[in-house]
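*Asks:* Under our numbering, the first residue of the sequence shown carries the number 6, and numbering increases by one thereafter.
Yeah, the Cβ is synthetic: ideal placement off N, Cα and C, and Gly gets one too.
For clarity, every value in this text was computed on a predicted model and none was experimentally measured.
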Amino acid sequence: MAFVDEIQFHIRAGNGGNGVVRWRHEKGKEFSGPSGGNGGKGGDVYIKAVSDIGLLSNYRNKKKFEAENGGHGMKDSMHGKNGENFVLDLPVGSVVENLGTGEKFRLDKVGDTAMILKGGRGGLGNEFFKSSVNTTPMESTEGQPGEEADFEIELEMIADCGFIGLPNAGKSSLLNALTSAKAKVGNYAFTTLEPNLGEMYGFILADIPGLIEGASEGKGLGDKFLKHIRRTRLLCHLISAENKDVVEVYKTVRKELLEYDKEMKDKKEVIVLSKTDEIDPEDVKKKMEELMVFGENIFAISVLDDRSVKSFKDNLVKILRQ
Ligand SMILES: Nc1nc2c(ncn2[C@@H]2O[C@H](COP(=O)(O)OP(=O)(O)OP(=O)(O)O)[C@@H](O)[C@H]2O)c(=O)[nH]1
Ligand SMILES: [Mg+2]
Numbered sequence: 006m007a008f009v010d011e012i013q014f015h016i017r018a019g020n021g022g023n024g025v026v027r028w029r030h031e032k033g034k035e036f037s038g039p040s041g042g043n044g045g046k047g048g049d050v051y052i053k054a055v056s057d058i059g060l061l062s063n064y065r066n067k068k069k070f071e072a073e074n075g076g077h078g079m080k081d082s083m084h085g086k087n088g089e090n091f092v093l094d095l096p097v098g099s100v101v102e103n104l105g106t107g108e109k110f111r112l113d114k115v116g117d118t119a120m121i122l123k124g125g126r127g128g129l130g131n132e133f134f135k136s137s138v139n140t141t142p143m144e145s146t147e148g149q150p151g152e153e154a155d156f157e158i159e160l161e162m163i164a165d166c167g168f169i170g171l172p173n174a175g176k177s178s179l180l181n182a183l184t185s186a187k188a189k190v191g192n193y194a195f196t197t198l199e200p201n202l203g204e205m206y207g208f209i210l211a212d213i214p215g216l217i218e219g220a221s222e223g224k225g226l227g228d229k230f231l232k233h234i235r236r237t238r239l240l241c242h243l244i245s246a247e248n249k250d251v252v253e254v255y256k257t258v259r260k261e262l263l264e265y266d267k268e269m270k271d272k273k274e275v276i277v278l279s280k281t282d283e284i285d286p287e288d289v290k291k292k293m294e295e296l297m298v299f300g301e302n303i304f305a306i307s308v309l310d311d312r313s314v315k316s317f318k319d320n321l322v323k324i325l326r327q
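1) Return yes when the C-beta of Val-190 is under 7 Å from any heavy atom of ligand 1, and no when it is not.
2) Once the 5 residues before and after Leu-198 are set aside, which same chain residues still bring their CB inside 8 Å of it?
3) Count the C-beta pairs between the stretch 183 to 201 and the stretch 226 to 241 that are closer than 8 Å, then say yes if the count reaches three, no if not.
4) What is the C-beta distance between Ala-18 and Ala-72, in whole angstroms, given that I count them as a contact (C-beta under 8 Å)?
5) Excluding five sequence neighbours on each side, which residues of the same chain lie with their C-beta closer than 6 Å to the C-beta of Ser-313?
6) Please list the terminal residues of the continuous beta strand (DSSP E) segment that includes Asn-103.
7) Using the three-state DSSP reduction, which class does Phe-14 fall into: helix, strand or coil?
8) For Val-50, collect the residues of the same chain with a Cβ closer than 6 Å to its Cβ; drop the 5 residues on either side in sequence, then sort them by chain order.
9) Do the CB positions of Gly-78 and Asn-43 come within less than 8 Å of each other?
10) I need the straight-line Cα distance from Gly-223 to Leu-171, nearest angstrom please.
11) Across the stretch 186 to 193 and the stretch 147 to 161, are there enough close Cβ pairs to call them in contact, namely three or more that are closer than 8 Å?
12) Taking DSSP as the reference, what is the three-state secondary structure of Thr-106?
13) Pull up the DSSP beta-bridge partners for Thr-118, would you.
14) Less than 8 Å between the CB atoms is what I'm expecting for Asp-301 and Glu-247, so what's the real figure, rounded?
15) With a threshold of 16 other CB atoms inside 10 Å of the CB of Tyr-206, please say whether the residue is buried or exposed.
16) Give the DSSP-derived three-state secondary structure of Arg-111 in the structure shown.
17) Could you compute how far the alpha carbon of Tyr-255 sits from the alpha carbon of Phe-299?
18) Using the Cβ count rule (16 or more neighbours within 10 Å means buried), how would you classify Arg-65?
19) Among all the DSSP beta bridges, which residues are the ones paired with Phe-304?
20) Using DSSP with H/G/I as helix, E/B as strand and the rest coil, what is Met-6?
21) Taking the alpha carbon of Leu-216 as the point to measure from, which residue in Val-25, Glu-261, Ser-245, Gly-175 has its own alpha carbon closest?
22) On a Cα-Cα basis, can you pick out the residue from Ser-221, Phe-156, Lys-86 that is closest to Lys-267?
23) Is Glu-287 buried or exposed, if buried means 16 or more other CB atoms sit within 10 Å of its CB?
24) Following the continuous beta strand (DSSP E) through Ala-211, name the residue where it begins and the one where it ends.
25) Within a Cβ cutoff of 6 Å, which residues of the same chain sit near Glu-218, ignoring the five residues on either side of it in sequence?
26) Going along the chain, which residues of its own chain have a beta-carbon closer than 7 Å to the beta-carbon of Val-9, five neighbours each way excluded?
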């Protein structure tokens with residue numbers, strides 16, 4: 006099933022029920038005063054963050070949601086029932102925008118909730134208007150309509166660490182080696198078409214499609230998914246040792262990243278020289294040295310070498326725990 010990370014809905018809160026005009030009928034009395042009840046309040050609409058990252062795909066065929074309307078007032082001073090609130094479950098990391106007002110809600114933690122639309126107030130029945138000067142009010146009011154709006158929901162996954170790099174750098178292979186994820190791996194560019202997530206000691210790692218030159222302008226696939234790493238704490242930048250000029254490759258990917266979002270610059274980054282089994286050990290050393298100028302956290306790995314993966318994993322966990 007396709008991964009859905011953007012969706013629009015029309016959502017409506019419940020209308021308030023109407024107040025009514027009714028009269029009390031008591032035995033022996035021709036007329037004994039107003040008894041029309043008030044309308045109930047319309048249900049409010051809430052959003053709530055749940056942990057299921059794939060949840061938006063369940064809503065693919067949904068266009069509308071609404072909370073329950075309030076009941077109308079009734080005779081014998083009975084008020085209408087309040088409409089039930091509606092709670093829309095959304096994956097944690099969702100950013101919900103009211104397209105009418107521009108107001109944005111962010112669901113950062115599982116369990117976060119927010120009210121996004123208010124139900125209409127119930128109308129007033131004629132009994133409400135009774136007073137010493139008006140004992141037979143003919144008046145009642147209608148319920149207020151519930152708020153409604155179009156919403157856009159965008160999922161910005163909140164992974165702890167995001168894997169970036171050119172296509173074919175070995176990102177998905179490393180995700181599979183570090184976690185129990187079963188991301189598709191292939192010896193060609195753009196094997197990964199949608200983000201993959203894996204968990205490592207409670208940390209969420211996200212593997213996104215490869216970035217290419219021009220990605221920030223929409224080339225390839227990567228830019229569509231860059232938003233998913235916008236909020237990660239740590240970037241893990243993979244560069245295949247097969248590249249002759251690893252410095253050039255590093256710069257290409259960094260350039261796309263920063264062109265997409267300047268703030269990515271402040272993110273902590275680890276650099277991984279991947280597929281080291283493909284070249285001679287002396288060349289590994291040389292390429293590592295070339296990359297040293299870009300940071301202090303540089304690792305050499307080959308997914309064919311369990312020791313290198315284990316050592317990287319220990320270091321990554323340490324960095325993530327800082
Ligand atoms: N020799 C060797 N091959 C590797 C290593 N890691 C990955 N590969 C191979 O490199 C190819 C690409 O690996 P992927 O993990 O699919 O690369 P990716 O970066 O996820 O690629 P995209 O999803 O296309 O961006 C596959 O054929 C892998 O088997 C490694 O450490 N050593
Ligand atoms: Mg991949």
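*Replies:* Short version:
1) For Val-190, the shortest separation between its Cβ and any heavy atom of ligand 1 lies below 7 Å.
2) Cβ neighbours of Leu-198 within its own chain (closer than 8 Å, five residues either side excluded): Pro-214, Leu-226.
3) Yes: at least three Cβ pairs fall under 8 Å.
4) Taking a contact as a CB-CB distance under 8 Å, the pair Ala-18 and Ala-72 counts as one, their CB atoms being some 5 Å apart.
5) Only Ile-306, Ser-307 meet the Cβ criterion.
6) DSSP places Asn-103 in the uninterrupted beta strand (DSSP E) bounded by 99 to 103.
7) When DSSP states are grouped into helix, strand and coil, Phe-14 belongs to the strand group.
8) Once the five neighbours on either side are set aside, the close Cβ partners of Val-50 are Ile-16, Ala-18, Ala-72, Phe-91, Ile-121, Leu-122.
9) Taking 8 Å as the Cβ cut-off, Gly-78 and Asn-43 qualify as a contacting pair.
10) Whole-angstrom Cα-Cα distance: 15 Å.
11) Output reads no: the stretch 147 to 161 does not touch the stretch 186 to 193.
12) In the structure shown, the three-state DSSP call for Thr-106 is coil.
13) Listed as beta-bridge partners of Thr-118 by DSSP are Lys-53.
14) First, the residue type needs correcting, since residue 301 is Glu and not Asp in the sequence shown. The beta-carbon separation of Glu-301 and Glu-247, rounded to 24 Å, does not stay under the 8 Å limit for a contact.
15) Its Cβ having fewer than 16 others within 10 Å, Tyr-206 is exposed.
16) Correct three-state label for Arg-111: strand.
17) In a straight line, the C-alpha of Tyr-255 is about 9 Å away from that of Phe-299.
18) Exposed, because fewer than 16 other Cβ atoms sit within 10 Å of the Cβ of Arg-65.
19) Within the DSSP bridge table, the entry for Phe-304 names Val-277 as partners.
20) In this predicted model, Met-6 has a pLDDT of only 44, less than 50, meaning its place in the structure is not dependable enough to derive any value.
21) Measuring C-alpha to C-alpha distances from Leu-216 to each of Val-25, Glu-261, Ser-245, Gly-175 identifies Glu-261 as the nearest.
22) Nearest option by C-alpha distance: Ser-221.
23) By the 10 Å Cβ count, Glu-287 comes out exposed.
24) Run containing Ala-211: 208 to 212, per the beta strand (DSSP E) assignment.
25) The beta carbon of Glu-218 sits closer than 6 Å to those of Thr-257, all from its chain and outside the five residues before and after it, given in chain order.
26) Leu-61, Ser-62, Arg-65, listed in sequence order.
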